[in-house]
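Just below is one structure, and these are the notes that go with it.
Protein chains in written order, with this note's numbering: chain A, 1 to 293; chain B, 1 to 293; chain C, 1 to 293.
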C-alpha cells in the first residue's frame, strides 16, 4: 500500500505528544508523565497538532494512543483549570476544552482513539469527542467521576454519554462516578468495541489506513450528516463547560478538591483504583480522612 | 460509612409500600397483593412517598423493589383507570400516571429500580421513569403489551423505549406485545444491566449508598442536563396519556378488556406467561375464547 | 390460527418479487438474479407491492426475504441510478429511493426484514427502513460502503444508523465501508437480533402472525409515536438523496464507479467479500488496478 502524496511533511513533535506519519494517517502518542494528566502543556500540544494536521491536505486520519500502559488521559489537572482552559482558546477563541474537543469532532479529520489504560473525566470526554473509540479489553478502564465532587462534567460527557448510552446508563455512569471495564463500556455504547490488547494496534492501524485511502470528500460528507444529528450544538457544550468552570471555583468544590489531593488524588498509585477510592471520599467531608486507604 | 444527617426522620409507611431508611437512601418495597397491580392505592402511596422524600433534604436516593418475587408491578388495573389517574393528580395537578412518572424522572431525587419478577405495561413504564434499572437475570420479565389491545402505551413507554432501544427494537417490543427476558432487555437497552439475582440487592444498595454520599448538587446538575436531552417534554407524555385514556374508553377497547378479563387477565396464574397468552387473545375477537389455555 | 378476513385477495406477483399471503401477513421474496441488485425493475415491483398492500385493509404485516441465500439486496445498480430513481417517483412523486423507503417506514403496514446473505448500500437502507430487522446469525453480512466511493449514502443510512448506533459506531460503519457480521450488527443495534439461520423463518413468521392478529389501530398509534421521535423528517432524507444523486454524477465518482466495475464490482463472486475488496479500491485511483485480487 503506497501513499499518493508526493511530499509527506513531517509532523511537529510536542513536549507531551509524539507524532509519526504514515501516509494519510498521523499516529499521536500521548506522553505526559507521570500519569497523562490533562494540563496546559497537553492542551497546548493538542491545539498545535490539530492546527498542523488540518493545514496539511494529505492528512486524513488521526490515531490517538498513549505511551503509558496504565493511563491514556487520566483527567484534568484540577490545580490548573484556568491555565489549561486558556490554552484551548488558541484554537477556538474560547477558554474551554469542551469547545476544543467539539472542534475535533467537527473537523474534516477522522479521529480514532486507541485506548489502553485509564481514561476518566476529561480523558473520557476527549475519546468521546473522537469519531471512534476502540479499547484494550484487558486494560482499559473508564470513569466519568465529576459527580463525586458535586460537579457536572464540563468537557461534553453529558452531551455524548446521554446520546450514546441513553438516559439510564448515562445517569448511572455520571452519578456513580465509578470505574467501568472495557467490556462494560462496549456493552453500554461508551466505546465502539473492546478488542483484545494484542490485536488492538493492528486493528486500528488497518482501519485508519483503510479510511485514509478513501476519497476525503466522503469523510466530510459523512461526518457532516452524522454530526448534524448526533453532535450537540456549541451552546450546549459551552453551557456544560461554564457550569463546571463556575462550580469548580466555589469554596465547596475547592475544599473537596483539596481534601482529595491531600488524600492521594492525582497520584499514580491512588488512581489505579480511583472508582473504589472515590466511594470513600465523602468521609473527607467531615474533615476526617485518616481512615482512607 | 456514617451519615451526616443529624436527625433521620422515619418515612411514612403506606398500605401498599413498605419504606425503610438508611441514611440518604430510602428503600421502598412495593407490596400490593395479590400481584402488584397499579391501582389507586399504589398510586396514592407513591404520590405520598415522593412528596415526603422530596421534602426531606437528607434523602438523596430512592430504591424501588417488590415484596412479590413474581411481580414487580404487573400493570395498571384496567377496571380502575379513572380512579388511579385521579390519584396521580394530587402530585402534578393532572390525572395521568405518565405525568406522575415524569415528575419522578425530573425530581432531584435519584431513583433506582431493583427488578425481580414481571414488570409489564405501566410497570415497565414506572421503571423506565426511574433513573436506573437493574434486574434479576433469572427472574425479571418485561413486557409492553398495550398493542395487544389496540392501544398506545399511555405511561411514557413510547417516549422512553424509542430513545433507549431505537426505532426497530422499540417497534418490535410494542407491536409484539411479547415477554422479554432480563438478558434480552439488557441487550436492547431497556434496563441498565441484568445481574444474577443473588447479587442484585447488594449491588443496588452499594450503588445507592455511594451516590447518596456524593454532593447533592451534583445529582441535580447531572440529572438536569441528561433530562434536557433524553427526557421527553411534558406535552409528549400528556399526548400519549390522553391517547391511552381515550382509547381505553372506546367500546372496542372495553370489549377487548372484558374478554381478556373473562379469560384470566389480571389473574396471577394467567399472567405468569402473559406474553404467550396474549398471542391467543385475538381469537377472542370472534367471541370464541373457549379454546384458550 | 384462522384469519378473520372473509375474502383474501391474492397479491400480485412481480418480475422480481414473489408474494404469498397468509391471513394478514404478506411474505415477499426478493428474486432479482443474478445478485438482487436494486435496479428499476425491483423498485417498480416494490412500489406496486406497497400500493397493493396498503389498499387491502386485511393486510397488516409485510415480511421481506430473499430467494438468494447469498444476497438479500446487494446494493443499487450504479449503472442505472436515474432509471431506478424514476420508478420510485410513482409512489412518492419524487425520484428518490430514500423517500420510497421512508414511505414504507411511515406506512400503516408493519414491515419486517428477514435477512439472509449480504445486505449492503441501499440494501442496508431498505432493511433500515423496515420496522424490524432479524438476520441469520451465520450468513447475513452488512455493509454501508458508499464512503469508499467518496459518497454519502443516499437512501437514509446516515439518518437511521446515527440514531440506532450512535455517533461513534455510525461513523465507523460508514467511514470504514467495511463488512459487518450479523453478530456485530446486532451488538451495534443495526438489526434487532441475529438469530440462528435454522430458526429465523419460524421466528419471523410467528412474530408476523402475532402482530397481524392484534388490532390494526394499535399498529398505527404505536408507529406514529415512534416515528415522531425516531424517523427523520422527509427533508433530511431528501437532502441525503440529493447529495448522493449529485455526487454520483460527478466525473470523479463516475471514474471511480467505472474503475470498480472494470475490476469486478457488481459481480457476484467479487462481492462475496466486498468489504475486503473495497480496501484495495483506492489503488485504482492511480489507474493501476492490475494487482487487485
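For every residue, glycine included, the Cβ atom is placed at its ideal position computed from N, Cα and C.
If you measure from the beta carbon of residue i to each beta carbon in chain A, is any gap under 7 Å?
i                      : result
residue 131 of chain B : yes
residue 170 of chain C : yes
residue 287 of chain C : Low confidence applies here, because residue 287 of chain C scores a pLDDT of 40, under 50, leaving its location unreliable; read the following figure in that light. No, no contact with chain A.
residue 115 of chain B : no
residue 102 of chain B : no
residue 175 of chain C : yes
residue 221 of chain B : yes
residue 293 of chain B : A caution first: residue 293 of chain B carries a pLDDT of 32, below 50, which makes its placement in the model unreliable, though a value can still be read off. It does not: the Cβ of residue 293 of chain B has no partner Cβ on chain A nearer than 7 Å.
Look at the alpha carbon of residue i and the alpha carbon of residue j, and state the distance between them as a whole number of angstroms.
i                      : j                      : result
residue 189 of chain B : residue 226 of chain A : 22 Å
residue 210 of chain A : residue 20 of chain A  : 17 Å
residue 196 of chain B : residue 196 of chain A : 26 Å
residue 136 of chain A : residue 53 of chain C  : 50 Å
residue 215 of chain A : residue 116 of chain A : 30 Å
residue 374 of chain A : residue 109 of chain A : Beyond the ends of chain A as shown, which are 1 and 293, falls residue 374 of chain A; an answer cannot be given.
residue 222 of chain B : residue 68 of chain C  : 51 Å
residue 295 of chain A : residue 141 of chain A : Residue numbering for chain A in the displayed model covers 1 to 293; residue 295 of chain A lies beyond these limits and cannot be assessed.
residue 302 of chain A : residue 85 of chain A  : Within the shown structure, residues of chain A are numbered from 1 to 293, placing residue 302 of chain A beyond reach of any answer.
residue 25 of chain A  : residue 213 of chain A : 10 Å
residue 138 of chain B : residue 273 of chain B : 15 Å
residue 43 of chain B  : residue 263 of chain B : 26 Å
residue 286 of chain C : residue 271 of chain C : Note on residue 286 of chain C: pLDDT 44, under 50, position unreliable in the model; the coordinate value appears next. Those two C-alpha atoms are separated by around 22 Å.
residue 114 of chain A : residue 162 of chain C : 21 Å
residue 170 of chain A : residue 220 of chain A : 29 Å
residue 12 of chain C  : residue 23 of chain C  : 15 Å
residue 34 of chain C  : residue 268 of chain C : 7 Å
residue 49 of chain C  : residue 278 of chain B : 30 Å
residue 208 of chain A : residue 175 of chain C : 10 Å
residue 177 of chain C : residue 258 of chain A : 49 Å
Taking Cβ positions only, does residue i come closer than 7 Å to chain B?
i                      : result
residue 266 of chain A : no
residue 110 of chain C : yes
residue 167 of chain A : yes
residue 218 of chain C : yes
residue 230 of chain C : yes
Should residue i be flagged as near chain C, meaning a C-beta pair shorter than 7 Å?
i                      : result
residue 279 of chain B : yes
residue 290 of chain B : Low local confidence applies: a pLDDT of 37 at residue 290 of chain B is under 50, so the model's placement there is unreliable, and no value is given.
residue 226 of chain A : yes
residue 97 of chain A  : no
residue 215 of chain A : yes
Inset, instruction - Could you list the residues in the segment 148 to 164 of chain C with a C-beta less than 9 Å from some C-beta on chain A, going in chain order? - result: 148, 149, 150, 151, 152, 153, 158, 159, 161, 162 and 163
Inset, instruction - Could I get the ranges of all uninterrupted alpha helix (DSSP H) runs contained in the segment 244 to 271 of chain A, with 4 residues as the minimum, in chain order? - result: 251 to 263
Legend entry - Contact list for the segment 178 to 189 of chain B against chain A, Cβ threshold 7 Å: 189
Legend entry - Sequence ranges, alpha helix (DSSP H) only - wholly within the segment 36 to 111 of chain C, length at least 4: 40 to 55, 81 to 92 and 97 to 106
Legend entry - Interface residues of the segment 192 to 213 of chain A facing chain C [CB-CB below 7 Å]: 192, 207, 210, 211 and 213
Legend entry - Interface positions of the segment 7 to 18 of chain A facing chain B (Cβ-Cβ less than 8 Å), listed along the chain: none
Legend entry - At least 3 beta-carbon pairs within less than 8 Å: the segment 143 to 161 of chain B vs the segment 139 to 149 of chain C: no
Legend entry - Minimum length 3: unbroken beta strand (DSSP E) runs contained in the segment 131 to 193 of chain A: 132 to 136, 141 to 143 and 179 to 181
Legend entry - Cβ contact (3+ pairs, closer than 8 Å) linking the segment 245 to 256 of chain C and the segment 121 to 133 of chain C: no
Inset, instruction - Spell out a yes or no on whether the segment 56 to 63 of chain C and the segment 76 to 90 of chain C are touching, meaning 3 or more CB-CB pairs, one atom from each, closer than 8 Å. - result: no
Inset, instruction - State whether the segment 156 to 166 of chain A contacts the segment 174 to 194 of chain A, with contact taken as three or more CB pairs (one from each stretch) at a distance under 8 Å. - result: yes
Inset, instruction - Give the residues from the segment 55 to 71 of chain B that approach chain A closer than 7 Å (Cβ to any Cβ), ordered along the chain. - result: none
Legend entry - Residues within the segment 239 to 253 of chain B neighbouring chain C, beta-carbon criterion of under 7 Å: 240 and 243
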